[in-house]
Amino acid sequence: MTSRQEKWIRRIGPFVIVLLFLCLWQYLADTEKINTFFFSNPMDVILDFIDLFVSGRIWIHLKVTMTEAISGLFIGIVTGVMAAFLFGNFKILSLLFDPIFVAIYGLPKLALGPLFVVWFGLGLKSKIIMSTMMVFFLVFFNAYAGFRDVDIELLNTLKLMGATRIQIVTKVTLPSCVPWIIASLRSGIGASVGGAIMGEYLGTNKGLGFLVQTAGANYDITRVMSVILVMSILMVMLDSIGKMIEKLVLKWRPPVD
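Its first residue numbered 182, the sequence shown is counted upward by one per residue in my numbering.
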């Protein structure tokens with residue numbers, strides 16, 4: 182397979198698969214082989230999706246979820262990189278806190294939700310903290326692995342040549358961790374949105390999570406599906422932005438296809 186064929190498959194293939202799935206779904210609904218009360222059908226979902234935007238009902242919920250997700254993503258990345266830097270440079274911190282971080286990371290985040298609601302209320306703060314927590318550990322473990330992956334022989338050579346600690350950090354350690362941090366950025370985008378929506382399930386009156394929860398409680402499967410479609414398109418757009426940032430920051434690195 183040539184690189185040109187791979188490029189066309191990458192661009193068109195997913196759309197073809199989605200189109201075939203929608204056609205099959207619509208056929209099963211039209212022939213009553215599935216119960217549309219439980220599964221709805223593509224045409225109704227698309228019409229409801231359009232109505233959400235034309236009527237303007239989606240915008241306030243989209244704005245709230247994006248505010249929570251972007252805030253959580255930014256705070257999670259900054260704090261995650263800072264914590265990884267400290268752990269990578271001060272071994273005592275790693276010895277003391279690494280088991281604690283692993284234990285907290287392994288906890289179901291939804292189980293911590295009620296605590297966040299009690300501590301921080303039902304407003305944006307609890308959702309931002311939930312989103313931040315989802316991003317923090319992804320960034321921390323990736324960046325920490327990057328700090329530990331730095332070539333020890335190179336560091337020792339620089340020390341013998343008289344390089345200061347600041348020079349080693351700014352010229353070697355941090356640049357070598359950039360690919361790890363960028364990789365965690367792309368996965369953190371999805372985690373931040375997921376954390377925000379998870380927080381909205383715990384109690385709120387705005388946001389995409391609130392829309393899904395309300396529609397589900399009313400057995401409005403069409404609305405549930407249309408909001409899921411909104412989330413899916415949002416994730417594809419955010420991932421595309423993450424890819425653009427990755428290409429911009431790592432333009433010196435040869436592409437891997």
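For every residue, glycine included, the Cβ atom is placed at its ideal position computed from N, Cα and C.
What you are looking at is a predicted structure, and each value in this text was computed from that prediction instead of being measured.
Practice problem: Return the Cβ separation of residue 369 and residue 320 in integer angstroms, given the expectation that the two are a contact with Cβ distance under 8 Å. | Solution: 6 Å
Quiz item: Based on Cα-Cα distance, which residue from 411, 404, 378, 363 lies nearest to residue 429?
Solution: 363
Practice problem: Could you check if residue 254 is buried or exposed, using at least 16 other CB atoms within 10 Å of its CB as the buried criterion? | Solution: buried
Quiz prompt | Spatially closest choice to residue 305 from 245, 234, 214, 203, by CA coordinates | solution = 245
Practice problem: Count the other C-beta atoms from every protein chain shown that fall within 10 angstroms of the C-beta of residue 403, then say buried if there are 16 or more, exposed otherwise. | Solution: buried
Quiz item: Taking residue 231 as the reference, which of 421, 408, 285 has the closest Cα?
Solution: 408
Practice problem: With distances taken Cα to Cα, identify the nearest neighbour of residue 349 among 377, 270, 316, 278. | Solution: 270
Self-check item: alpha helix (DSSP H) runs wholly inside the region 247–298, at least 4 long, in chain order
Solution: 272–287
Quiz item: Buried or exposed: residue 380, going by 16 or more other Cβ atoms within 10 Å of its Cβ?
Solution: buried
Quiz item: Which residue spans inside the region 188–215 form an unbroken beta strand (DSSP E) run of at least 3?
Solution: none
Quiz prompt | Local conformation of residue 387 per DSSP, three classes | solution = coil
Practice problem: Indicate whether residue 265 and residue 328 have their beta-carbon atoms separated by less than 8 Å. | Solution: yes
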